[in-house]
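Engineer:
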Amino acid sequence: MNTFIFDIGNVLLDYSPIKMVRRVIKDHPDAEYLADTLFSRYYWARLDLDEITIEDEKKDLKNVVPPHLYELACHILDKWLEEITPIEGIEEVLSYLKNKGYKLYYLSNICSQFINEGYDYPHIKKLLNYFDGGVISGPLHIVKPDEEIYDHLFAKYDINPNDALYIDDNENNIKAGKVVGLNTYLFDGDAYKLKEYIINNIEQ
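Numbering (the working numbering), first residue to last: 315 to 518.
Here is the structure:
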């Protein structure tokens, strides 16, 4: 095993709409409504494919959220990259692997804005700097679990899937990873358990 491939949302970064919203507006009575609406699959499935942008979503929200919440909704969306925080302990895992000389890549369903603007945010930049490269869904207009996005990563970086461990929190993506030949680890949010698994199973 010489390569590790990480999902981003809920593996590297805690993608929790309600947590992100509450960091911005605290105990606002409409926090749950805004989290459910702004981060719904109706918008984010299309954002992941770069079919729309955050600005497109903001325009559409004029016809969706009550007028008194519209500016607040836009403010929350403007801050999503700022408020998506690292999973506890994941940097320790990345640092450990990097120091051991492993190749690290990311493979994620996420919009182009994340890469285009993410490096402007220290907490995101710090994580991404551990990686040798990666592939996201937006520019390709392909999302996991489509096998094509996995194959694109392999071809781009000359990865042998048999020599790689793929870490994702989504069972369907893990199943697809197995189909294309990857070793897999279903992440449950516990980065310390992941590190222990690597030490006990990969490095033996």
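By construction, the Cβ of each residue, glycine as well, lies at the ideal position given by its N, Cα and C atoms.
These figures come from a predicted structure and were not determined experimentally.
Relative to the C-alpha of residue 409, which candidate in 434, 395, 433, 446 has its C-alpha closest?
Structural biologist: By one-based count along the sequence shown, residue 409 stands at place 95. Residue 446 is the option with its Cα nearest to residue 409.
Engineer: Does DSSP classify residue 354 as helix, strand or coil?
Structural biologist: Numbered from its first residue, the sequence shown carries residue 354 at position 40. Residue 354: coil per DSSP, three-state reduction.
Engineer: Which runs of the alpha helix (DSSP H) spanning at least 4 residues fall entirely within the region 324-389, listed in chain order?
Structural biologist: 331-339, 345-352, 355-362, 368-375
Engineer: According to DSSP, residue 497 sits in a beta bridge with which residue or residues?
Structural biologist: Here residue 497 refers to the residue found at position 183 when the sequence shown is read from its first residue. Beta-bridge pairing links residue 497 to 479.
Engineer: Got a sec? Which residues, its chain only, sit under 6 Å from residue 349 by beta carbon, not counting five neighbours each side?
Structural biologist: Counted from its first residue, the sequence shown places residue 349 at position 35. Same-chain partners within the cutoff: 331, 332, 335.
Engineer: In this structure, what does DSSP give as the bridge partners for residue 449?
Structural biologist: As a position in the sequence shown, residue 449 is number 135, starting the count at 1. The partner list for residue 449 (beta bridge, DSSP) reads 421.
Engineer: Where residue 453 and residue 422 are concerned, what is the direct C-alpha to C-alpha distance, given to the nearest angstrom?
Structural biologist: As a first step, residue 453 must be located in the sequence shown, where it is residue number 139. As a first step, residue 422 must be located in the sequence shown, where it is residue number 108. Using only the alpha carbons, I get a separation of about 11 Å.
Engineer: Taking Cβ positions, are residue 362 and residue 451 nearer each other than 8 Å?
Structural biologist: Counted from its first residue, the sequence shown places residue 362 at position 48. Counted from its first residue, the sequence shown places residue 451 at position 137. Against a cut-off of 8 Å, the Cβ pair of residue 451 and residue 362 comes out as a contact.
Engineer: Under the DSSP definition of a beta bridge, which residues are partnered with residue 400?
Structural biologist: As a working note, residue 400 is residue 86 in the sequence shown. DSSP output for residue 400 lists 327 as bridge partner(s).
Engineer: Around the Cβ of residue 493, are there at least 16 other Cβ atoms within 10 angstroms (buried) or fewer (exposed)?
Structural biologist: As a first step, residue 493 must be located in the sequence shown, where it is residue number 179. Its Cβ having fewer than 16 others within 10 Å, residue 493 is exposed.
Engineer: Using the C-alpha atoms, what's the distance from residue 500 back to residue 324?
Structural biologist: Here residue 324 refers to the residue found at position 10 when the sequence shown is read from its first residue. Here residue 500 refers to the residue found at position 186 when the sequence shown is read from its first residue. Cα-Cα distance, rounded: 11 Å.
Engineer: Between residue 386 and residue 339, how many whole angstroms is the CB-CB distance? I'm expecting something under 8 Å.
Structural biologist: By one-based count along the sequence shown, residue 386 stands at place 72. By one-based count along the sequence shown, residue 339 stands at place 25. At roughly 7 Å, the Cβ-Cβ gap stays under 8 Å, so residue 386 and residue 339 are in contact.
Engineer: For residue 490, count neighbouring C-beta atoms within 10 Å of its own C-beta (all shown protein chains included) and say buried if the count is 16 or more, exposed if not.
Structural biologist: Within the sequence shown, numbered from 1, the residue matching residue 490 stands at position 176. It counts as buried.
Engineer: Helix, strand or coil for residue 456? Go by DSSP, reduced to three states.
Structural biologist: On the sequence shown, position 142 is the one that residue 456 refers to. If DSSP states are grouped into helix, strand and coil, residue 456 belongs with coil.
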